[in-house]
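This report refers to the structure that appears directly beneath it.
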Amino acid sequence: MSLPSPAADGTYLLLDVAGTPCALPRAAAGEILPLPDLFRPPACGAWLAGFLNLGGEAVPVVDLAQLLGLRGETPEPALHAHVVLGCGRDVAYLVDRVTDLVAVAADAFRPVDPARSLNGCVAAAIARGERLVHVLDPARLLSAEERMRVAAAARAAAARLAALPAA
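In UniProt numbering, the protein residues as written are 1 to 167.
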């Protein structure tokens, strides 16, 4: 089993996802936002936290704890929750907290069997002291079918938003 290449600049956002330490390549994150009010249609599903109105664009917000099966119910997010906006501004991730931005040396990476995570979304692990941090691959967090459904829901949310008078 080969290790994925570390992020191009070697930097990762460390995340708390329902008490589980995770990391995203820094290049995958455009912005880190405090939790805003989200538009949540009734048929959103458990892991789609809602939509962020970003300058008139409806950006889907994926609850990583729900998506990864780390939290069984849909509680209200904590006051210190963050939204990590993807660099393409086409998706955002709800996390309990962004804890740090760190440079990671290549020798800190540990292999992970891709079959041990849904769609191989855990690409590797980073050794940080005695703890291992799961490195999430943003391209594999959602399946192709999930991406299509989320895009369709985002288009519907954008149409609803466009139908409202300007503020």
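For each residue, glycine too, the CB sits at the ideal point set by N, CA and C.
Give, in chain order, every unbroken run of the beta strand (DSSP E) that is at least 3 residues long and sits entirely within the region 94-118. Whole beta strand (DSSP E) segments, 3+ residues: 97-103.
Straight-line Cα distance separating residue 166 from residue 112: In the sequence shown, counting from the first residue as 1, residue 112 sits at position 112. In the sequence shown, counting from the first residue as 1, residue 166 sits at position 166. Rounded to whole angstroms, the separation of the alpha carbons of residue 166 and residue 112 is 49 Å.
Candidates 56, 80, 84: closest to residue 62 by CA position: Translated into positions along the sequence shown, residue 62 becomes position 62. Checked all of 56, 80, 84; the closest Cα to residue 62 is 84.
Can you grab the Cα-Cα spacing for the pair residue 58 / residue 106, in whole Å? The sequence position of residue 58 within the sequence shown is 58, counting from 1. The sequence position of residue 106 within the sequence shown is 106, counting from 1. Taking the straight line joining both Cα atoms gives about 37 Å.
Residue 97 to residue 17, Cα distance in whole Å? For the purposes of this step, residue 97 is taken as residue 97 along the sequence shown, with counting starting at 1. For the purposes of this step, residue 17 is taken as residue 17 along the sequence shown, with counting starting at 1. Looking at the two C-alpha atoms, the distance is approximately 7 Å.
Which residue or residues does DSSP assign as beta-bridge partners of residue 161? Locating residue 161 in the sequence shown gives position 161, counting from the first residue. Residue 161 is not bridged to any residue.
Do you know offhand how far residue 10's Cα is from residue 131's? Numbered from its first residue, the sequence shown carries residue 10 at position 10. Numbered from its first residue, the sequence shown carries residue 131 at position 131. Take the alpha-carbon of residue 10 and the one of residue 131: they are about 19 Å apart.
Just confirm the distance between the C-beta atoms of residue 150 and residue 141, as a whole number of angstroms; I'd bet it's less than 8 Å. Position 150 of the sequence shown, counted from the first residue, corresponds to residue 150. Position 141 of the sequence shown, counted from the first residue, corresponds to residue 141. Actually they are not in contact, since the Cβ atoms of residue 150 and residue 141 sit about 11 Å apart, beyond 8 Å.
Just list the residues that DSSP pairs residue 22 with in beta bridges. Locating residue 22 in the sequence shown gives position 22, where the first residue counts as 1. Here residue 22 is bridged, per DSSP, to 15, 134.
Would residue 25 and residue 82 qualify as a contact pair, given that the criterion is a beta-carbon distance under 8 Å? Taking the first residue of the sequence shown as 1, we reach residue 25 at position 25. Taking the first residue of the sequence shown as 1, we reach residue 82 at position 82. Cβ atoms of residue 25 and residue 82: not closer than 8 Å.
Expected contact under 8 Å - CB spacing of residue 104 and residue 64 to nearest Å: For the purposes of this step, residue 104 is identified with residue 104 of the sequence shown, where counting begins at 1. For the purposes of this step, residue 64 is identified with residue 64 of the sequence shown, where counting begins at 1. In this structure residue 104 is not in contact with residue 64, their Cβ atoms being roughly 19 Å apart against a cut-off of 8 Å.
Taking residue 159 as the reference, which of 31, 53, 100, 36 has the closest Cα? By one-based count along the sequence shown, residue 159 stands at place 159. That would be 53, whose Cα lies nearest to the Cα of residue 159.
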